[in-house]
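Chains as they are written, first to last, in this note's numbering: chain L, 1 to 331; chain Z, 1 to 331; chain S, 1 to 331; chain A, 1 to 331.
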């Protein structure tokens, strides 16, 4: 089963939200207190997805707000360098700073992030900086949940969804839940439900769907009944190492395994998953294949040092899928 | 043409939003600088509508947050006194104050209001203070636009709309636009559009619809095309002394004249209009009649000193309508 | 013993701080919930002291910030009307409101105040609105403790003290402690100590001195040792109905009794005390006499409805003192 | 001429204020946009001075507030490692972050800093976290001007000065002016004057004294007249490459040249100057010698990569002084 897009659009995907700086520990397997050097990368979920998509060959654009400083200029220049249209990345004029994420890699499965998200520029994107003429050129508008966390980015994002619906642009909602950005779970649930009910495709972990529904231990069955009664027709629910599911409104269900890899750190898995899944879907591949692309891409990124810089190309993804299918065939 | 409600509900209308204090100049026709005495009344658009509806005989409830002080207790006691269910009016525990409106009555058509709306209790109503079990008992959930102006009242209101839709409660949206409460027109437009698109009935002045559409000199034709493409099926658009229109999704259009009166001040016209219109609609009267009820009620209130205390009963409204129809018949 | 002032100055006293609105219950001896009418007066400790001083015949000026609205204009006009120089009362341009105090007169000794002090204009007086050329024309700069509660009024007040010291203007510090205006007792103590150490005369209740020293049950003996080791040479410590003491650095101690009266409410006692005490001191009366003036003035104001409007003239004060001295002589 | 201290104290110097993180560009001589790796050091003026003093052999303590995260723990551990008493460095419990300074080294004389100072932990030091029992053990309390920039650190610092004066601890005020931390120049001037008037020793650049006096192109002569009329008895005024002056209240004036060096970057010069000057003064050296120590130490630090880690020991400082005196002797 394939998913249909409006093909007469200039951009495959336009993402909206944060583009930040990751400062990744150069020295691994130790507490951050003992890390003395950090490498700089572009980060932030929607930026990573745009970068990953662009490296896979999609035509990507980005709507966001950048600090008027060296970090902001680095981000714009890097994203432009990988082929993203940055014409709608505006520069903040009120002194807000770029969000930062210092990563600590204690061990492959013990990673933590020290965030600087206080009054960051990306959350100051304003509704009047979101342009209908831009959005209507896209097949997909990619929303990241974190962009809903604070005003005026919240209103800019709601406006973008409204304009996308009006112009038959598919809304893909990556839940991307970061608790430190929100005031309360109740507030998160209000905005997650609001946008999910208007989205065509929703992607998230089971835990993130629980946040949206403001419940504990939610069931996929209930989630799909809820969202399919609104406007969604494709839901991806990820269950970590147990793999991920895609539910179509038509009733079909697809499942993909997680690919084993030599894990260096856990960051970036969700973003690489989303970018490869979107690439495959927009390229006209079967939903089932798209899930494999997502899993393979995630698997590659967690074995490398960065999130954005490590985004794989199509050959790497397909090689990993092929290798795993051989293994499966043998076993 | 009548408008259908779900009749097996305990409450005719539950309003959500602010309940405040009006301090009306005892001495008229002078600048407030020279006013030395003020009379205290309950005020705030949704409180006034609930009070007006209750005095007309509807079973009304209210969801709101009150300051933990003498003004808050006065409001609760007054509203309970006119028959409103106050079980969902919660008391603020963080020291926020009751909103105040000092009115100046310079002349019948030169009135101004000096507002105290900084960090007021009503805007601190939180999503977890909005109960599904309460809302689902209502025929109508009445939303006042001002409740959307600030968090967390904004999220509480969005949640209330969501719960109303889920439980087949009609959502009536009184636009009630107060510029001083909002950060920007762009932000207002985002939330007004969001709620109007989900409402069944929208009531406002032409100017207020322009705010919702973020345009100047909007046309009723465009407004009804826009909102009828979403969920609304009845729109009331008021044009001041030129009268008001009701547009039904079925295509019918109704018009009512404004009734002439001895105007004392202009405050309270919109609230008394809404309460009488709702009363007539819920009582099973024709839409055209409901418009007359609204106009007559507004006409009565602007001839008196307060907004809430002056809300008329059915006899007064019907007497005014009858009197005017005689005049029209003669002319 | 008399207190010396620099007599070649145009103003007897320039006060700095808040000028607000009191809304006094017209109906007495009932809870505010049942009060339906309020009378408007100018209020705020330093404004009341300036008004009281001016009515007694002192040449007074005022440094403060007023809301750009009807309440602000009323205050300016009223203060000008009683003879105060208002040339240094600036108008706020950022939408801040006038502070309000609703008074409840439950019984003569059960009074409470419902304050509106959120983001009020008086606390936005900025350092650049305090002029050395103005301050240096005064015999006395009167500081009210509440002006230290928030920035930028805090810095404006510290600057005013600095300019007064530089120009040999006596600094009189009325502690005027209002807990709701402050973040913490610790913060209050820091600024109260800072200003008290630089003041020539300090006036307050025993409780207010305790706040300044951040202690409980402080002793006058310790307080005078502490402040006389800095720059003060006259301290007035009030003990309510037990009367008040004046301590001079020279070692002399004076005491005055509180005068019995028919108390209507307790508001305004401190302000009327300070204005009459200052009047007597600046007029060259003995410190002991000045204490009597303070007590008599307080006694008169608590028997009347307002704080500002009720400020007595010299004849009333002297009549009350004379009457009491006859009574004492007889007993 | 020597400067006298109270020698029966356990600590030579206790500094109060910020301890932060510097992230210094590993790659030099390029814009930060092209810097891909950053090295982590402890930074912040009073922390650097404490570290520098401690490395020179003084017994140092520190009063400050640290983020409850990896950066906060690194700072505490590093400072403890160089011998500083950290018993009065408290941990923030409200989620505030460590201040950051990313340095850009474009060329030896074109350096810039990208600061993260929004809601940082050090500015949340509260008055009740400043202990009299600790301060009274010190010969010197070192105040950094930036600690005055925001509440509650501002009040904590004013309280510390008050306690130092009360206990005969010399107050040394390093003006350390950072414009981005302050709301306005007027506000800065108010607090700088307040603390400078109570300090025994003030150290700053000519530009910083201008900020304190809220003037342009101030003269040293006026500055010393002003501050010597209050409590100061030693002022150090630095004029960049033209050298620095020390003015004693007794009338003596001392001057020191800046030492030539191979400059790598300009950061850290002021802090290294202050630490070596204080070391020499407290060690009983002549004021003139102390100035040379300051200059030599500054010269060494600007030739190295960090501010804190590069703080020299006594041998390095004395070697540089000796080398320069030979050169001077020859010329």
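In this text, a Cβ means the ideal position worked out from N, Cα and C, and glycines have one as well.
Unbroken alpha helix (DSSP H) runs of length 4 or more, entirely within the stretch 145-187 of chain L: which are they?
Segments of the alpha helix (DSSP H) lying fully in the stretch 145-187 of chain L: 153-166.
Which two residues bound the contiguous beta strand (DSSP E) that contains residue 301(A)?
-> For the purposes of this step, residue 301(A) is taken as the residue at position 301 of the fourth chain. Counting along the chain, residue 301(A) falls outside any beta strand (DSSP E), though it belongs to the alpha helix (DSSP H) covering 287-301.
Taking only runs of the beta strand (DSSP E) that begin and end inside the stretch 50-119 of chain A, which ones reach a length of at least 3 residues, in chain order?
With a minimum length of 3 residues, the continuous beta strand (DSSP E) runs that stay inside the stretch 50-119 of chain A are 60-66, 85-91, 100-107 and 110-116.
| query | When the Cα atoms are used, what is the spatial distance from residue 329(S) to residue 241(S)? | reply | Against the third chain, residue 329(S) aligns to sequence position 329. Against the third chain, residue 241(S) aligns to sequence position 241. In a straight line, the C-alpha of residue 329(S) is about 20 Å away from that of residue 241(S).
Out of curiosity, what's the CA-to-CA distance linking residue 89(L) and residue 66(L)? Position 89 of the first chain holds residue 89(L). Position 66 of the first chain holds residue 66(L). C-alpha of residue 89(L) to C-alpha of residue 66(L): approximately 7 Å in a straight line.
- Does DSSP classify residue 25(A) as helix, strand or coil? On the fourth chain, position 25 is the one that residue 25(A) refers to. Correct three-state label for residue 25(A): strand.
- Message: Is residue 26(L) close to chain A? Criterion is C-beta to C-beta, closer than 8 Å.
- Response: Residue 26(L) sits at position 26 when you count from the first residue of the first chain. At least one chain A Cβ lies under 8 Å of residue 26(L).
Quick check for students: name the residue ranges of the beta strand (DSSP E) that lie wholly in the stretch 203-251 of chain A, counting only runs of 3 or more.
Runs of the beta strand (DSSP E) inside the stretch 203-251 of chain A: 234-238 and 244-248.
Whose Cβ in chain Z lies nearer than 8 Å to the Cβ of residue 312(L)?
Here residue 312(L) refers to the residue found at position 312 when the first chain is read from its first residue. In chain Z, no part has a C-beta under 8 Å from the C-beta of residue 312(L); the shortest such distance is about 38 Å.
- Query: Of the choices 24(S), 23(S) and 192(S), whose alpha-carbon is the least far from that of residue 214(S)?
  - Reply: What you label residue 214(S) is simply residue 214 of the third chain in a count that begins at 1. That would be 192(S), whose Cα lies nearest to the Cα of residue 214(S).
Item to complete: Could you tell me whether any Cβ in chain Z is nearer than 8 Å to the Cβ of residue 92(S)?
Response: As a position in the third chain, residue 92(S) is number 92, starting the count at 1. Judged by the 8 Å Cβ criterion, residue 92(S) is not in contact with chain Z.
Point to revise | Minimum Cβ-Cβ distance from residue 114(Z) to chain S less than 8 Å | key: Here residue 114(Z) refers to the residue found at position 114 of the second chain. By this cut-off, residue 114(Z) is an interface position.
Output the distance between the C-alpha atoms of residue 32(Z) and residue 270(Z), rounded to the nearest integer angstrom. Working through the second chain from its first residue, we reach residue 32(Z) at position 32. Working through the second chain from its first residue, we reach residue 270(Z) at position 270. Note on geometry: alpha-carbon atoms of residue 32(Z) and residue 270(Z) lie some 23 Å from one another.
Check your understanding: Does the beta carbon of residue 37(S) sit closer than 8 Å to a beta carbon anywhere in chain Z?
Key -> The count along the third chain starts at 1 and reaches residue 37(S) at position 37. Judged by the 8 Å Cβ criterion, residue 37(S) is in contact with chain Z.
Just the C-alpha distance for residue 16(L) and residue 100(A), rounded to the nearest angstrom, thanks. Taking the first residue of the first chain as 1, we reach residue 16(L) at position 16. Taking the first residue of the fourth chain as 1, we reach residue 100(A) at position 100. If I take the Cα positions, the gap works out to 28 Å.
Worksheet item: Just curious, the beta strand (DSSP E) that residue 17(A) is in, first and last residue?
Response: Against the fourth chain, residue 17(A) aligns to sequence position 17. Counting along the chain, residue 17(A) sits inside no beta strand (DSSP E), nor does DSSP assign it H or E at all.
For residue 195(Z), write down the residues that DSSP places opposite it in a beta bridge. Taking the second chain and counting its residues from 1, one reaches residue 195(Z) at position 195. In DSSP, residue 195(Z) forms no bridge with anything.
- Task: Closer than 6 Å by C-beta to residue 83(Z): which residues in its own chain qualify, once you throw out the five before and the five after it? Chain order, please.
- Result: The residue labelled residue 83(Z) in the question sits at position 83 within the second chain. Here the set comprises 54.
Own chain residues within Cβ distance below 8 Å of residue 217(A), not counting five before or after:
For the purposes of this step, residue 217(A) is taken as the residue at position 217 of the fourth chain. Excluding residues up to 5 positions away in sequence, 210 lie with their Cβ nearer than 8 Å to the Cβ of residue 217(A) in the same chain.
| task | May I ask you to list the residues that DSSP assigns as paired with residue 37(Z)? | result | Here the question's residue 37(Z) lines up with position 37 in the second chain. DSSP lists 39(S) as the beta-bridge partner residues of residue 37(Z).
| request: Measuring alpha carbon to alpha carbon, tell me which of 182(L), 156(L) and 10(L) ends up nearest residue 152(Z). | output: As a working mapping, residue 152(Z) is identified with position 152 in the second chain. For the residues 182(L), 156(L) and 10(L), the minimum Cα distance to residue 152(Z) belongs to 182(L).
Quick check: what's the CA-CA separation for residue 97(S) versus residue 73(S)? The count along the third chain starts at 1 and reaches residue 97(S) at position 97. The count along the third chain starts at 1 and reaches residue 73(S) at position 73. Straight-line Cα distance between these residues: approximately 12 Å.
*Sequence-distant residues of the same chain with beta carbon closer than 6 Å to residue 132(Z), five excluded per side*: Start at 1 with the first residue of the second chain, and residue 132(Z) comes out as number 132. Excluding sequence neighbours, residue 132(Z) sits near 163.
Q.
Measuring straight from C-alpha to C-alpha, what distance separates residue 57(Z) and residue 200(Z)?
A. On the second chain, position 57 is the one that residue 57(Z) refers to. On the second chain, position 200 is the one that residue 200(Z) refers to. Straight through space, the alpha carbons of residue 200(Z) and residue 57(Z) are spaced by roughly 23 Å.
For the stretch 75-90 of chain Z, list every residue whose C-beta sits within 7 Å of some C-beta in chain S, in sequence order.
Against chain S - using a Cβ distance shorter than 7 Å - the residues of the stretch 75-90 of chain Z are 77.
Output the distance between the C-alpha atoms of residue 47(A) and residue 85(A), rounded to the nearest integer angstrom. Residue numbering aside, residue 47(A) sits at position 47 when the fourth chain is read from its first letter. Residue numbering aside, residue 85(A) sits at position 85 when the fourth chain is read from its first letter. The C-alpha of residue 85(A) is placed about 12 Å away from the C-alpha of residue 47(A).
**Prompt:** Could one say the Cβ of residue 126(S) lies closer than 8 Å to chain A's Cβ atoms, at least one of them?
**Reply:** Translated into the one-based positions of the third chain, residue 126(S) becomes position 126. Output row for residue 126(S): interface = yes.
Item to check | Any chain Z beta carbon closer than 8 Å to residue 324(L) | outcome: The sequence position of residue 324(L) within the first chain is 324, counting from 1. Not one chain Z Cβ lies under 8 Å of residue 324(L).
* 7 Å Cβ cut-off: residues of chain A touching residue 193(S) -> As a working mapping, residue 193(S) is identified with position 193 in the third chain. Neighbours of residue 193(S) across chain A, judged by C-beta separation under 7 Å: 162.
**Asked** So, is residue 41(A) buried or exposed, given that buried needs 16 or more other C-beta atoms within 10 angstroms?
**Response** Reading the fourth chain from its first residue, position 41 is the one you call residue 41(A). Buried, because 16 or more other Cβ atoms sit within 10 Å of the Cβ of residue 41(A).
Tell me the residue span of the beta strand (DSSP E) that contains residue 326(Z). The residue given as residue 326(Z) occupies position 326 in the second chain. Careful: residue 326(Z) lies outside any beta strand (DSSP E), inside the alpha helix (DSSP H) at 314-330.
field: Inter-residue CB distance, residue 173(A) and residue 196(A) (contact presumed, cutoff 8 Å)
entry: What you label residue 173(A) is simply residue 173 of the fourth chain in a count that begins at 1. What you label residue 196(A) is simply residue 196 of the fourth chain in a count that begins at 1. Between residue 196(A) and residue 173(A) the Cβ distance is about 6 Å, and since that is below 8 Å, they are a contact.
Please classify residue 271(A): does DSSP put it in a helix, a strand, or coil?
Here residue 271(A) refers to the residue found at position 271 when the fourth chain is read from its first residue. Under the three-state reduction of DSSP, residue 271(A) is assigned to helix.
message: For residue 141(A), list the residues DSSP reports as bridge partners.
response: The sequence position of residue 141(A) within the fourth chain is 141, counting from 1. Looking at the DSSP assignment, residue 141(A) forms a beta bridge with 14(A) and 171(A).
Exercise. Between residue 282(S) and the rest of its own chain, which residues show a CB-CB distance below 8 Å, the 5 nearest in sequence each way excluded?
Worked result: In the third chain, the residue the question calls residue 282(S) occupies position 282. Counting only Cβ-Cβ distances below 8 Å, and skipping sequence neighbours, we find 5, 12, 13, 58, 139 and 140.
Item checked: Exposure label - residue 127(L); buried when at least 16 CB within 10 Å -> Your numbering for residue 127(L) matches position 127 in the first chain. Counting Cβ neighbours within 10 Å, residue 127(L) comes out buried, since at least 16 surround it.
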